[in-house]
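Visitor: In our numbering, the protein residues as written are 16 to 376. Where a beta carbon is used, it is the ideal one built from N, C-alpha and C, also for glycine. The structure under discussion is supplied below as structure tokens; questions concerning it will follow.
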Ligand code: BGC
């Protein structure tokens with residue numbers, strides 16, 4: 016295993032809590048908590064660096080934290096069966112305190128994508144270690160998650176950027192598909208479930224030959240990259256995916272990759288993690304030189320004090336920057352998810368430049 020990847024894993028390991036959870040950012044006022052979304056990719060990066068023990072601590076924490084909500088999920092399912100209205104705050108949260116407790120602070124919590132992603136990440140954690148059976152310690156958390164998703168996967172919710180409530184978001188549905196699909200070797204009878212999610216995406220989330228940000232909204236969002244890599248809803252050479260990547264390049268790639276054209280959060284800078292993501296896609300599409308160029312851009316964002324969430328130059332909507340600085344201070348740094356995606360891209364580039372393919376994967 017390359018020393019370089021172990022070095023890149025250091026900031027992730029440094030901030031892992033004794034519980035196994037990862038804060039999104041240890042220094043930013045709003046992000047000292049563990050999002051399933053960020054944490055899954057942090058754990059996946061650790062797995063790619065060979066740090067399976069640390070990744071395992073995270074997955075045990077996530078499994079226990081979710082299993083501890085079995086009663087809440089049973090109540091939610093009963094409410095839905097009776098046809099009762101469910102208030103947004105009653106659903107499972109998108110983020111937890113590092114000890115697994117809930118945070119009752121009015122955050123837009125109803126985001127389903129993390130519940131698919133953690134299942135996907137857990138399956139990758141096992142696969143990368145050659146484990147073919149689901150260890151018992153994970154099973155209750157997996158089962159509670161699947162029960163929850165079977166009932167609520169078609170519920171419109173907030174997206175992965177914690178915005179646009181009450182919509183069907185393509186990257187959310189892709190995350191759910193990936194999680195259910197990844198659990199198939201371990202849990203019998205999931206095929207119809209993943210097939211239903213796949214059909215939903217094809218039917219409602221493709222418009223004019225390309226994927227859309229959410230149902231009924233024609234724009235692209237860089238999180239649509241996830242549909243191909245790593246979630247495999249579409250292959251990287253599927254014409255719909257190829258056209259979507261082209262649209263992302265045309266509208267969102269300006270040095271780094273922006274989230275979506277109308278993004279106003281911190282003025283709408285380039286996101287380090289999304290730039291690394293496009294590099295990951297390029298590797299999988301065989302576009303190695305373009306991947307190298309994005310890797311160089313990502314590396315250049317670290318000025319010795321870690322990778323931030325987003326840049327402050329090249330903003331799409333600069334008018335909004337001062338508002339957010341006034342609310343919450345400078346944009347988050349170090350954002351562990353940015354570090355994780357940098358590590359993943361380094362691993363991908365190294366694997367494809369290696370004279371002995373497979374060594375780094
Ligand atoms: C992002 C989320 C992320 C959270 C913590 C938000 O600004 O939109 O995707 O999970 O920050 O990093």
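Which of the three DSSP states is assigned to residue 111 in this structure?
Guide: Residue state, collapsed to three classes: strand.
Visitor: Following a CB-centred definition, is residue 280 positioned closer than 8 Å to any heavy atom of the ligand BGC?
Guide: Checking the Cβ of residue 280 against the ligand BGC gives yes.
Visitor: Are at least three pairs of beta-carbons, each pair with one atom in the segment 72 to 91 and one in the segment 149 to 157, less than 8 Å apart?
Guide: Yes: at least three Cβ pairs fall under 8 Å.
Visitor: State the DSSP-derived secondary structure class of residue 201, mapped to helix, strand or coil.
Guide: Note: residue 201 maps to coil in three-state DSSP.
Visitor: Assuming residue 126 and residue 177 form a contact by the criterion Cβ under 8 Å, report the distance between their Cβ atoms to the nearest whole angstrom.
Guide: Their Cβ separation, rounded to whole angstroms, is 6 Å, which keeps residue 126 and residue 177 in contact under 8 Å.
Visitor: Considering only DSSP beta bridges, list what residue 272 is partnered with.
Guide: According to DSSP, residue 272 bridges with 268 and 286.
Visitor: Between which two residues does the alpha helix (DSSP H) containing residue 42 stretch?
Guide: It is not in any alpha helix (DSSP H) - residue 42 carries neither H nor E in the DSSP assignment.
Visitor: Does the separation of the CB atoms of residue 109 and residue 124 fall below 9 Å?
Guide: Yes; because the gap between Cβ atoms is below 9 Å, this pair is in contact.
Visitor: So the candidates are 23, 31, 32 and 45; which of them puts its Cα closest to the Cα of residue 343?
Guide: The shortest Cα separation from residue 343 among 23, 31, 32 and 45 belongs to 45.
Visitor: Could you tell me whether any non-hydrogen atom of the ligand BGC is closer than 8 Å to the CB of residue 177?
Guide: Checking the Cβ of residue 177 against the ligand BGC gives yes.
Visitor: What span of residues does the alpha helix (DSSP H) with residue 307 cover, start to end?
Guide: Here the alpha helix (DSSP H) through residue 307 covers 303 to 315.
Visitor: Check each candidate in 313, 82 and 32 and name the one with the smallest Cα separation from residue 162.
Guide: It is 82 whose Cα lies nearest to the Cα of residue 162.
Visitor: Does DSSP classify residue 339 as helix, strand or coil?
Guide: The answer is helix: DSSP assigns residue 339 an H, G or I state.
Visitor: Which whole-angstrom value is the C-beta distance of residue 31 and residue 69, which I expect to be below 8 Å?
Guide: With 8 Å as the limit, residue 31 and residue 69 qualify as a contact, their Cβ atoms being about 6 Å apart.
Visitor: Assuming residue 300 contacts residue 258 under a Cβ cut-off of 8 Å, what Cβ separation, rounded to an integer in Å, is found between them?
Guide: Their Cβ separation, rounded to whole angstroms, is 13 Å, which puts residue 300 and residue 258 out of contact at 8 Å.
Visitor: In the structure shown, what three-state DSSP assignment does residue 371 receive?
Guide: Any reading at residue 371 needs caution, since the residue's pLDDT is 48, under 50, leaving its predicted position unreliable; the model's value is listed next. DSSP places residue 371 in coil when its eight states are reduced to three.
Visitor: On the DSSP letters alone, give me the boundaries of the alpha helix (DSSP H) that residue 206 sits inside.
Guide: First-last of the alpha helix (DSSP H) with residue 206: 206 to 219.
Visitor: Which partner residues of residue 175 appear in the DSSP bridge assignment?
Guide: According to DSSP, which records beta bridges pairwise, residue 175 is partnered with nothing at all.
Visitor: Going by other Cβ atoms of all chains shown within 10 Å of its Cβ, with 16 needed for buried, is residue 180 buried or exposed?
Guide: Classification for residue 180: exposed.
Visitor: So residue 122 and residue 190 are supposed to be a Cβ contact under 8 Å. How far apart are they, rounded?
Guide: Incorrect: roughly 19 Å between the Cβ atoms, too far for contact.
Visitor: Tell me which same chain residues have a C-beta within less than 6 Å of the C-beta of residue 310, skipping the five on either side of it?
Guide: Excluding positions up to five away in sequence, the list reads 294, 360 and 364.
Visitor: Who are residue 222's beta bridge partners in DSSP?
Guide: Answer by DSSP bridge pairing, in chain order: 225.
Visitor: Rounded to whole angstroms, what's the CA-CA distance from residue 314 to residue 139? Just pull it up for me.
Guide: About 26 Å.
Visitor: Contact check, residue 286 vs residue 271 under 8 Å by CB: the rounded distance?
Guide: Right, their Cβ atoms sit about 7 Å apart.
Visitor: Looking only at its own chain, which residues have a Cβ that is under 6 Å from the Cβ of residue 288, when we skip the five neighbours before and after it?
Guide: 352, 353 and 356, listed in sequence order.
Visitor: How close, in whole Å, do the beta carbons of residue 131 and residue 193 come, if the pair is a contact with beta carbons under 8 Å?
Guide: At roughly 6 Å, the Cβ-Cβ gap stays under 8 Å, so residue 131 and residue 193 are in contact.
Visitor: Is residue 234 closer than 9 Å to residue 275 when the C-beta atoms are compared?
Guide: Contact flag set, yes.
Visitor: Just to confirm, does residue 50 get its C-beta within under 8 Å of one of the non-hydrogen atoms of the ligand BGC?
Guide: Yes, the beta carbon of residue 50 sits closer than 8 Å to at least one heavy atom of the ligand BGC.
Visitor: Here's a check: name, in chain order, each residue in its chain whose Cβ is nearer than 6 Å to the Cβ of residue 237, leaving out the five neighbours to either side.
Guide: Hits under 6 Å: 263, 267, 272, 274 and 289.
Visitor: Rounded to whole angstroms, what is the Cα-Cα separation between residue 27 and residue 100?
Guide: Approximately 40 Å between the Cα atoms of the pair.
Visitor: Looking at residue 182 and residue 229, is the spacing between their C-beta atoms short of 9 Å?
Guide: Yes, the Cβ-Cβ distance between residue 229 and residue 182 is below 9 Å.
Visitor: Would you say residue 421 touches the ligand BGC, meaning its beta carbon is less than 8 Å from a heavy atom?
Guide: Nothing can be reported for residue 421, as the shown portion of the chain is limited to 16 through 376.
Visitor: Taking DSSP as the reference, what is the three-state secondary structure of residue 147?
Guide: Note: residue 147 maps to coil in three-state DSSP.
Visitor: Short of 7 Å in beta carbon distance, which residues of its chain neighbour residue 103, apart from the five on each side in sequence? Order them along the chain.
Guide: Cβ neighbours of residue 103 beyond the five flanking positions: 125.
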